[in-house]
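Listed below in structure tokens is the structure:
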């Protein structure tokens, strides 16, 4: 996709700080990090959503993301990490090209990802489970 910022990074039209690259996956440092070492792991082929990915590319992307996460945690002397992928504008996806954020974390770092959990009304949890199972075919 010609106007996609990640596609322009993949093809070299926009510079990036590359962490890893093979023929299918690219990992770079985020230019607007939540924490030092915040990495982005993206597919080189343009796909907007995780649900758009062919199974073999999904497996490759996940495997490389795992490697990057281990390296980010080690390099940042982090205790853990967040692995995030927003899918669709309504979920906060700013760039419509599938990618993971790998964000190193440590106790007391001040980074907040907050949502308010709610409980299912009586009987609705089972109904939702059934609805999702049916949607899986």
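Residue numbers (this note's numbering): 74 to 210.
Even for Gly, the Cβ is constructed at its ideal location relative to N, Cα and C.
Thinking C-alpha only, which one of the options is nearest residue i?
i           : options               : result
residue 94  : 148, 152, 151 and 141 : 141
residue 106 : 202, 155, 200 and 203 : 155
residue 180 : 152, 144 and 194      : 152
residue 157 : 143, 147 and 138      : 138
Note down the Cα distance separating residue i from residue j, rounded to an integer number of angstroms.
i           : j           : result
residue 134 : residue 126 : 10 Å
residue 87  : residue 118 : 16 Å
residue 198 : residue 84  : 46 Å
residue 90  : residue 102 : 6 Å
residue 131 : residue 164 : 20 Å
residue 150 : residue 188 : 27 Å
residue 210 : residue 160 : 22 Å
Using 10 angstroms around the beta-carbon of residue i, count the other beta-carbons present and answer buried if the total reaches 16, otherwise exposed.
i           : result
residue 104 : exposed
residue 92  : buried
residue 186 : exposed
residue 100 : buried
residue 98  : buried
residue 82  : buried
residue 191 : exposed
Below 6 Å CB to CB, which residues in the same chain sit around residue i once its five sequence neighbours on both sides are set aside?
i           : result
residue 207 : none
residue 184 : 107
Please list, in chain order, all residues of the same chain as residue i whose beta carbon is under 8 Å from its beta carbon, the five residues on each side excluded.
i           : result
residue 96  : 117
residue 200 : none
residue 72  : Given that the chain is displayed from residue 74 to residue 210, the structure contains no residue 72 and the question cannot be resolved.
residue 77  : 119, 168, 169 and 170
>> Would the stretch 105 to 112 count as touching the stretch 168 to 182 if we require 3 or more Cβ pairs under 8 Å?
In response: Taking one beta carbon from each stretch, the stretch 105 to 112 and the stretch 168 to 182 have 3 or more pairs nearer than 8 Å; the two touch.
> Counting Cβ pairs closer than 8 Å, one from the stretch 162 to 173 and one from the stretch 113 to 124, do we hit at least three?
Replying inline: A contact exists between the stretch 162 to 173 and the stretch 113 to 124.
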